[in-house]
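The structure under discussion appears below in the form of structure tokens.
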Amino acid sequence: MVFRLLADLVVVLHLAFILFVAAGGLLVWRWPWLVRLHLPAVVWGIAIITVGFTCPLTLLETQLRGRAGEQGYDGGFVDRYIEGVIYPGALTPLVRALIAAAVLVGYAGMFSRRRRGRAGGADDGQTSPTCSATV
107 MVFRLLADLV
117 VVLHLAFILF
127 VAAGGLLVWR
137 WPWLVRLHLP
147 AVVWGIAIIT
157 VGFTCPLTLL
167 ETQLRGRAGE
177 QGYDGGFVDR
187 YIEGVIYPGA
197 LTPLVRALIA
207 AAVLVGYAGM
217 FSRRRRGRAG
227 GADDGQTSPT
237 CSATV
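Going left to right, the sequence shown walks through residues 107 to 241 as my numbering numbers them.
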């Protein structure tokens, strides 16, 4: 029972990590300090896709399922829980392209925002004088 709950927790953490890789580029637009966490996560995600090794979270989950007396699975986490469940496997290249675009748009927005802030744009913290009139 405990091992099954731990395996389920690993699934939740794994999904959260994948969502962070996918949407983190947009989050750094709002919170630029997240780039320190997001960039290594993106590099890790790209390495898993291009090199094709198994993620340690997948190995941990299957080991915990085995200790719980359950059957493990072949393939990766995305193959089991995402492809064919959330979107058809045939759309994988499109989904990867959309994730890459989201990361690039987020980083471009973050850099653009930082550049505007340094140039003394609207985010410089100064207030403009206002007129007030009483009727």
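Ideal Cβ placement from N, Cα and C applies to all residues, glycine included.
Residue interval of the alpha helix (DSSP H) (run including residue i)
i      : result
Gly131 : 108–136
Leu197 : Leu197 -> no alpha helix (DSSP H), and no H or E assigned at all.
Trp150 : 141–157
Arg171 : 162–173
Same chain only: Cβ atoms within 6 Å of residue i, ignoring 5 sequence neighbours per side
i      : result
Arg171 : Ala113, Gly178
CA nearest to the CA of residue i, picked from the options
i      : options                        : result
Phe126 : Leu111, Leu115, Thr198, Trp150 : Trp150
Leu115 : Val141, Gly182, Leu163         : Leu163
His120 : Leu166, Ala196, Phe159, Arg220 : Leu166
CB of residue i within 7 Å of CB of residue j, strictly
i      : j      : result
Val148 : Gly212 : no
Ala207 : Leu132 : no
Pro138 : Met216 : yes
Gly195 : Glu189 : yes
Ile205 : Ala128 : yes
Residues near residue i by beta carbon distance below 8 Å, same chain, minus five either side
i      : result
Tyr193 : Val201
Ile124 : Gly151, Phe183, Val184, Ile188
Arg110 : Leu170, Arg171, Ala174, Glu176
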